[in-house]
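Undergrad: Pasting in a structure now, in structure tokens, and then I'll have a few things to ask.
Protein chains in written order, with this note's numbering: chain V, 1 to 722; chain G, 723 to 1275.
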């Protein structure tokens, strides 16, 4: 029973570690495919143009070349519904899809017309059981719509739906580039949505297009061509659309763009080439504020020509199929290739991901559809995504950023641990800078010079200091000290200079004071004599502060900082350093005091007997002997500063910046956990990354504490042997 | 001089100064909290003066919150014209109140532009249930729209009628909080009962229908009961709104304020010291026992005190046996060797792990893992709404028990170490077995040491906030964790906590300036609690040391 309690302590500690670790492990797990299920194309025999699945994997859809649209169960190939799109007298020559979540598919016909359809799924719960009913709808209220009035075949087509309506882009057989926009407008009278059609002809591209993409803001149109170039058209004003930029996106001279798809949010475009290369591009604004197509990162090369790309739903990953029969899963932000796996000896034709990114569908030349389940929960985390500079969408350069969430679905989470780690070290550094001298000097004085009577007063004071809740320190630092320092900046600086100076002056005056006065207060009470001196200095600095500002800083030091170009946050590292230093002082003080106090008396007495002054004894004997103890005190204090949460949370602006500027704030690992943990979705990458942060804190303090403990145990052994 | 430096004396003074600075910081901090926290309840005089700026005049009425001296430059940057030759400016922060009328609760005024301060006797300050304080001059008292008192008599009339409306409002709160709350919970229980019946496969369909009909009837009866209470409440409310007061604001407007909206009224400038002390006591009492109002920025902190105490209490029940047994194991039972070394290192590490890590662990393990499984096993009818699977009192207590475990162990072990050898040997010599010696002699004697450990653990737990933010503390808990409803102690409920209250009100509240004194007062309560606990622990420990020093000799 009693031993159970003893082991229970070890068990608790181990449990914390193991549990944190278990929560983190899935981050390290690689994506994997389940077993493959294959079945013949349900419905029509015609080759597939496009496949997609519904959220619950109860229905999937294939769009075939003959205009038939077949809904089937993706896991066993059972046919659910068979539709045929009325294509009139046209034949399908091209097809394209919008962003997967729009569920839009467009056919380009050989008579200059296009058909736009949407596959939809109705969810009902008869008898509390989920029932998915697929259906096909015509978002433009027409079987086919006219794209090219001249009736030329639409060799390449693109479709996209944005907030304002639907856009269809097309390249005709005779080399023209067309854009047709259907702007939805709600009729005031009937309340029905109607479409206003407007069509434009864009400047023709230099070479034959192979793929066209339109983004959801309807401002950018990208064209990939057979010569391996990517062209950027600014279509924010479609009537005056211009070709803004053309960039060769293939490294290999002979390669052409064979597949091209937007990632979620239609900012990044993934370009696949005939040489099997896969690379990510997006527009980066240059000095003239013009977007330039910029190569952001490349992924592991596929062995064969890239034939199909399918972006992930809700994340920045994508699935790639190549002509050598490989499926490749890649993730944009972390620049990682999760796997490239041979699944067929035929070229892959179509690939699709399920909306929860938990299943994969693909087709090859065999007239079969293949399905496999997919485990890919945490592609966002890789070593380089956490610790290296990453070029995020919409930024002008790679950077360290921590920004875990945002209001929009298309948001790219930015999980760089660098700002948080730097913030943690910065806070701890300034805290130690403030605490170490005070605590160590104070400890040496208290243990060696102070009279026992005063020691009996000082030690409980320090214990009270240790007991003060950090929420109180943080609150005072944030609401009282930060504004106070901001309005008394000269005082904050002058006090660091004036305090030691005035102390030395007092000491000198005391040494010259008449003996009667000096005998009134015995040795060992220096600290008590200094209390009024410290108080006076503090008062003097605060009172003189406005005057100093007037004399040297044109009346406002805060303004002076801005003029000189120093960023100054009200809640900054200096405030944190003082407040957290306050919290750390008692920890360091008590351990260091203990180490100094227990230095064997015969060592010091020997030193004094040999004629050394008390100060020489302290420097030469006491500090030297007790240095391991002081070291472990500093270690433990540092551990405490690293893990402290409330003070940092309240006394900084919590902005994740990467610098060591004393006048700016920071965001630490611990404060970040406190802020974001309640909002993180359980089991998600963000949640697990916060566990990782906790594990890092745990590991770090574990190492510090164990070192400190071992050092102390050895010191104790040394003392007892002396 | 050189000689003096060589002697090393100046350095001794310097390192002595480090102690002075530390001591001053501690004492200064305690004084700051003490003065500001206690000052919150003191009624300051109400100042009336006139503010002139560029030909415009404005009568200012309110109490002065803060006075400071700043450089003229800062003021000029803020857009005020201060004479060129003037370097320093005194400015006053006025609490003007009347947030609903003017939108400015607090405002800085520059001393140079203010007339002489007057302290009008007719000025009153009202603490209201909504919109913060009101400052003005009392004109008359009305009952159902008829003036019943005016001038000098108005104030005493106001006080007696205020007592009546406060009593009535107290009654409405009682009905809302307890009676209606009870009915709502009973209806919720019936809903869960119905769900349970549906989930119960062993029932036949007739039986099921019959039981559900029974439950439906019960719900209908409860709804009826609710309607009665609701009518009663409406009636009470309208009765409470009978009286009103008319007051003139500083800009001359006459405002009618219903007494039901007023908590207390003071005529600060006519109060004697005795009255002020009395008022101080009343406010302090209301603060300690009242419920928060206006997004926690006004009213009392009783739920936070209660929540803190409950959490610490449950934590003590868990941590004391565990910690004490572990200490006994370390000191008395186990053979000193590698195992005890590992246990010791674990204890030290547990003490050094950042508190937020305990919070993360508590959230993942206690709340989601343990709580989630408890819900799945025992409360299937409530799913997907979590019962124990969401942060709550029990998980907060368990997390803190883990956090404070080393405190109890270290302190108990120290107590066990100090027990004189003679005592042990005496017991053994008299023929007691080892176990008898341990449980009958050593453990009783070391009880004060265990007490010390427990007190220190309680003090630590009371001040800890970071882990609690994750495992069970909320800014506003509608119900206390203990009430008259079965099973009386609701371990799954979320609680309010003093430390979190400080964080929340100080940093998350919309009107931070108005809430600041309240934060100081809350901080004072928390610091006071922790100081008392710590000082008593220190006192017990010192007495113990003294006792065994003599016994050991």
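Idealized CB from N, CA, C, for every residue including glycine.
1) Just to confirm the assignment: which complete alpha helix (DSSP H) runs, minimum length 4, are found wholly within the segment 1169 to 1218 of chain G?
2) Can you give me the C-alpha to C-alpha distance between residue 727 of chain G and residue 703 of chain V, rounded to a whole angstrom?
3) What separation, rounded to the nearest whole angstrom, lies between the Cα atoms of residue 711 of chain V and residue 697 of chain V?
4) Would you kindly work out how many angstroms separate the C-alpha atoms of residue 512 of chain V and residue 505 of chain V, rounded to a whole number?
5) On the three-pair Cβ rule with 8 Å, is the segment 144 to 164 of chain V touching the segment 99 to 116 of chain V?
6) Output the residue ranges of the alpha helix (DSSP H) runs that lie fully inside the segment 632 to 717 of chain V and measure 4 residues or longer, sorted by chain position.
7) Please report the distance separating the alpha-carbon of residue 1229 of chain G from that of residue 674 of chain V.
8) Mind checking whether residue 398 of chain V and residue 389 of chain V have CB atoms under 8 Å apart?
9) Residue 1035 of chain G: buried (16+ other C-beta within 10 angstroms of its C-beta) or exposed?
10) Spatial neighbours of residue 426 of chain V within its chain, please: CB distance less than 7 Å, with the 5 preceding and 5 following residues excluded, ordered by chain position.
11) Is the separation between the beta-carbon of residue 1256 of chain G and that of residue 463 of chain V shorter than 8 Å?
12) Would you please verify whether the beta carbon of residue 539 of chain V is less than 8 Å from any beta carbon of chain G?
13) Closer than 8 Å by C-beta to residue 1186 of chain G: which residues in its own chain qualify, once you throw out the five before and the five after it? Chain order, please.
14) Can residue 633 of chain V be considered in contact with the ligand SAH, in the sense that its beta carbon sits closer than 7 Å to one or more heavy atoms?
15) Put residue 168 of chain V into one of helix, strand or coil per three-state DSSP.
16) Using CA atoms only, rank isn't needed, just tell me which of V:587, V:231 and V:324 is closest to residue 431 of chain V.
17) How big is the Cα-Cα spacing for residue 1146 of chain G and residue 1055 of chain G?
18) For residue 87 of chain V, I'd like the list of residues in its chain whose CB is within less than 8 Å of its CB, leaving aside the five on either flank, ordered along the chain.
19) Could you work out which residues of chain V lie near residue 732 of chain G, taking near to mean beta carbons separated by less than 8 Å?
20) One question on the structure: do residue 797 of chain G and residue 811 of chain G come within less than 8 Å of each other, judged by their Cβ atoms?
21) Find out if the Cβ-Cβ distance for the pair residue 1287 of chain G, residue 1193 of chain G is shorter than 8 Å.
22) Less than 8 Å between the CB atoms is what I'm expecting for residue 353 of chain V and residue 360 of chain V, so what's the real figure, rounded?
23) Below 7 Å between beta carbons is the criterion; list the residues of the segment 517 to 545 of chain V that meet it against any residue of chain G, in chain order.
24) Relative to the C-alpha of residue 335 of chain V, which residue among V:81, V:539, V:433 and V:301 is closest?
25) Is residue 818 of chain G buried or exposed, if buried means 16 or more other CB atoms sit within 10 Å of its CB?
26) What is the residue span of the alpha helix (DSSP H) that residue 575 of chain V lies within?
27) Out of curiosity, what's the CA-to-CA distance linking residue 7 of chain V and residue 699 of chain V?
28) If contact means a Cβ-Cβ distance below 9 Å, which residues of the segment 1030 to 1060 of chain G contact chain V?
29) Looking at residue 1052 of chain G and residue 1041 of chain G, is the spacing between their C-beta atoms short of 8 Å?
30) Shortest alpha-carbon distance to residue 557 of chain V belongs to which of V:250, V:485, V:623 and V:594?
31) Looking at the C-beta of residue 1088 of chain G, does it have a partner C-beta in chain V at a distance below 8 Å?
32) Is it buried or exposed, residue 926 of chain G, if we count other Cβ atoms within 10 angstroms and call 16 or more buried?
33) Buried or exposed: which applies to residue 617 of chain V, given that a residue is buried once 16 or more other Cβ atoms fall within 10 Å of its Cβ?
34) How long is the line joining the alpha carbons of residue 916 of chain G and residue 1208 of chain G, rounded to whole angstroms?
35) Are the beta-carbon atoms of residue 579 of chain V and residue 632 of chain V separated by less than 8 Å?
36) The alpha helix (DSSP H) with residue 747 of chain G in it runs from where to where?
TA: Let me spell this out:
1) 1169 to 1185 and 1190 to 1193
2) 41 Å
3) 21 Å
4) 11 Å
5) yes
6) 646 to 651 and 669 to 676
7) 14 Å
8) yes
9) exposed
10) 573, 660 and 666
11) yes
12) no
13) 1077, 1122, 1125 and 1221
14) Among the components modelled here there is no ligand, and therefore nothing to report on the ligand SAH.
15) strand
16) V:587
17) 14 Å
18) 67, 107, 109, 115, 143 and 144
19) 504, 507 and 508
20) yes
21) Here chain G comprises residues numbered 723 to 1275, so residue 1287 of chain G is not present and cannot be evaluated.
22) 6 Å
23) 526, 527, 530, 531, 534 and 535
24) V:301
25) buried
26) 573 to 597
27) 21 Å
28) 1043, 1044, 1045, 1046, 1047, 1048, 1049, 1050, 1051, 1052, 1054, 1055 and 1056
29) no
30) V:485
31) no
32) exposed
33) buried
34) 19 Å
35) no
36) 731 to 761
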